[in-house]
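This report concerns only the one structure given below.
Protein chains in written order, with the UniProt record's numbering: chain A, 1 to 72; chain B, 1 to 72.
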């Protein structure tokens with residue numbers, strides 16, 4: 001469940017930036033297909049990749065996880 | 001750096017529970033040596049293990065990452 005919630009939260013912030021998955025993945029030097037699998041909730045992502053995504057979204061880790069905590 | 005900060009934050013909360021690394025790792029069915037390497041900042045821990053630790057510490061993910069965000 002946490003993987004799904006993580007993907008939904010990240011997608012929300014990425015869409016707020018008005019970027020496609022491809023453009024956002026490129027902006028943080030992350031493989032596009034890997035990033036797509038993170039958003040679709042299929043990836044048990046690592047701490048360093050979580051930080052990389054949060055940095056790319058210009059949000060703090062606590063802000064990202066606050067959003068995740070609110071997703072039912 | 002994020003691995004080190006994660007380890008320090010988790011250690012702080014575990015010590016507040018008054019549990020040894022061994023007792024805490026046992027309480028969340030996590031391998032003791034793996035858990036020790038997480039606390040010493042050597043592990044690029046996965047999202048599901050992060051959730052497992054936060055649940056074991058009885059804190060939310062956002063609370064855990066708020067603490068991490070404050071560690072310089």
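For each residue, glycine too, the CB sits at the ideal point set by N, CA and C.
Through-space distance from residue j to residue i, alpha-carbon basis
i: residue 1 of chain A; j: residue 37 of chain A; result: 14 Å
i: residue 33 of chain B; j: residue 42 of chain B; result: 11 Å
i: residue 68 of chain B; j: residue 13 of chain B; result: 11 Å
i: residue 24 of chain A; j: residue 35 of chain B; result: 33 Å
i: residue 15 of chain B; j: residue 46 of chain B; result: 22 Å
Exposure of residue i, with buried meaning 16 or more beta-carbon neighbours within 10 Å
i: residue 17 of chain B; result: exposed
i: residue 39 of chain A; result: buried
i: residue 27 of chain B; result: exposed
i: residue 22 of chain A; result: exposed
Which of helix, strand or coil DSSP assigns to residue i
i: residue 46 of chain B; result: strand
i: residue 58 of chain B; result: coil
i: residue 31 of chain A; result: coil
Close Cβ partners of residue i (< 6 Å) along its chain, the five nearest in sequence each way excluded
i: residue 8 of chain B; result: 71
Residues near residue i by beta carbon distance below 8 Å, same chain, minus five either side
i: residue 31 of chain A; result: 25
i: residue 61 of chain B; result: 50, 51, 54
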